[in-house]
Amino acid sequence: MPMGHNRDMPFNDENRAGMEDVGPKLRSTRLAQGLSVTFVAKQAGVTKGFISLAERGKTRVSVPVLLRICEVLGISIGSLFTYPDEPIVHGGIPLYMGGVDLQEYLLTPHDEKWVQVMRTTMQPGGGSDGAYTLDAESIFVVVLQGQLSLDVGGDIRILNTGDSTTFSARTPHNWFNPLSTESQVMWVISPPLPLVGEATTTANRDRG
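In our numbering, the protein residues as written are 111 to 318.
Structure (structure tokens):
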């Protein structure tokens, strides 16, 4: 992304609400495992102050950084989601996977075995805030409104309304809205992100 994603962007209400939900979950997981803020920060490549702010929902977190924190804690990012529990999903359940200036909604229930569908609305310049991979096989994305700039392993794909593309979830990718107006996309991830990651081994770790 030029990538608009590296500039200092405001911590908007949607991002704040997402982190206020996710942050305490990260903190309770860390405490349950007996890990210090120092250890998690070092392993995730961020500062202790950043972890403290994130756990209190006081700072935005990029998608790749949130994934790294989850990896250190031994959980899947999917375990942080709240899932729809009705046969008909009206608009989706708000979720937070990191990123800036966006709102995301989960459209599929926790017991769906084959696909996971998310809808993302991006404000101008909003996006993933960095490249990342997911613990899945493939990702399909279609632009419902506006435009998406998608970088898949260095392959830049500009998608306009109605355009779609499919790529490997294991290829580093980042994305953002290059327009001066709102854009909206729908993601289909297959298979769904795991609900729980592998248990983190804490033995012999320096917990600082």
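Backbone N, C-alpha and C fix where the C-beta goes; we use that ideal spot for every residue, glycine too.
Contact defined as beta carbons within less than 8 Å: I believe residue i pairs with residue j. What is the distance between those atoms, to the nearest angstrom?
i, j, result
"Ala-154", "Val-132", "No, Ala-154 and Val-132 are not in contact; Cβ-Cβ is about 14 Å, not under 8 Å."
"Pro-304", "Asp-245", "6 Å"
"Pro-282", "Ala-241", "4 Å"
"Val-150", "Ile-161", "6 Å"
"Gly-237", "Val-262", "Their Cβ separation, rounded to whole angstroms, is 14 Å, which puts Gly-237 and Val-262 out of contact at 8 Å."
"Glu-247", "Thr-230", "No, Glu-247 and Thr-230 are not in contact; Cβ-Cβ is about 20 Å, not under 8 Å."
Judging by CA-CA distance, which residue of the options is the nearest neighbour of residue i?
i, options, result
"Glu-292", "Val-199, Pro-204, Pro-234", "Pro-234"
"Asn-270", "Leu-141, Val-253, Ser-278", "Val-253"
"Met-296", "Arg-166, Arg-137, Leu-176, Leu-212", "Leu-212"
"Gly-167", "Lys-223, Arg-137, His-220", "Arg-137"
"Gly-144", "Phe-286, Ser-274, Gly-184", "Gly-184"
"Val-175", "Thr-218, Val-199, Thr-276, Lys-152", "Lys-152"
"Ile-249", "Phe-277, Ser-290, Leu-289", "Phe-277"
"Lys-135", "Gly-209, Ile-179, Met-228", "Ile-179"
"Asn-284", "Gln-226, Ile-198, Val-251", "Val-251"
"Gly-128", "Val-306, Thr-169, Tyr-206, Thr-139", "Tyr-206"
"Thr-192", "Met-228, Thr-148, Val-147", "Met-228"
"Met-232", "Gln-294, Thr-275, Thr-243", "Gln-294"
"Pro-219", "Ile-203, Arg-280, Ile-268", "Ile-203"
"Glu-222", "Thr-139, Ser-290, Pro-302, Val-306", "Pro-302"
"Ser-189", "Thr-139, Arg-267, Ser-274, Val-225", "Thr-139"
"Gln-255", "Thr-243, Val-306, Ile-268, Gly-272", "Gly-272"
"Ser-290", "Gln-257, His-200, Arg-280", "Gln-257"
For residue i, which three-state DSSP category applies?
i, result
"Gly-128", "helix"
"Val-298", "strand"
"Pro-304", "coil"
"Asn-163", "For the record, residue 163 in the displayed sequence is Leu; it is not Asn. The answer is helix: DSSP assigns Leu-163 an H, G or I state."
"Leu-177", "helix"
"Leu-141", "helix"
"Val-210", "strand"
"Leu-183", "helix"
"Leu-136", "helix"
What residue range is occupied by the uninterrupted beta strand (DSSP E) comprising residue i?
i, result
"Phe-191", "From DSSP, Phe-191 is part of no beta strand (DSSP E); its letter is neither H nor E."
"Thr-276", "274-278"
"Val-150", "Where Val-150 is concerned, there is no enclosing beta strand (DSSP E), although the alpha helix (DSSP H) it sits in stretches over 147-154."
"Pro-234", "226-237"
"Ser-248", "248-255"
"His-283", "283-286"
"Ile-203", "203-205"
"Leu-289", "Leu-289 -> no beta strand (DSSP E), and no H or E assigned at all."
"Leu-217", "First-last for Leu-217: undefined, no H or E at that position."
"Ile-266", "265-270"
With residue i as the anchor, note down where its alpha helix (DSSP H) starts and where it stops.
i, result
"Arg-170", "Premise fails: Arg-170 is in no alpha helix (DSSP H) and is neither H nor E."
Determine the burial state of residue i: buried for a count of at least 16 other Cβ atoms within 10 Å of its Cβ, exposed for fewer.
i, result
"Leu-216", "buried"
"Asp-239", "buried"
"Ile-299", "buried"
"Leu-141", "exposed"
"Ile-187", "buried"
"Glu-130", "exposed"
"Glu-196", "exposed"
"Ser-259", "buried"
"Val-171", "buried"
"Gly-208", "buried"
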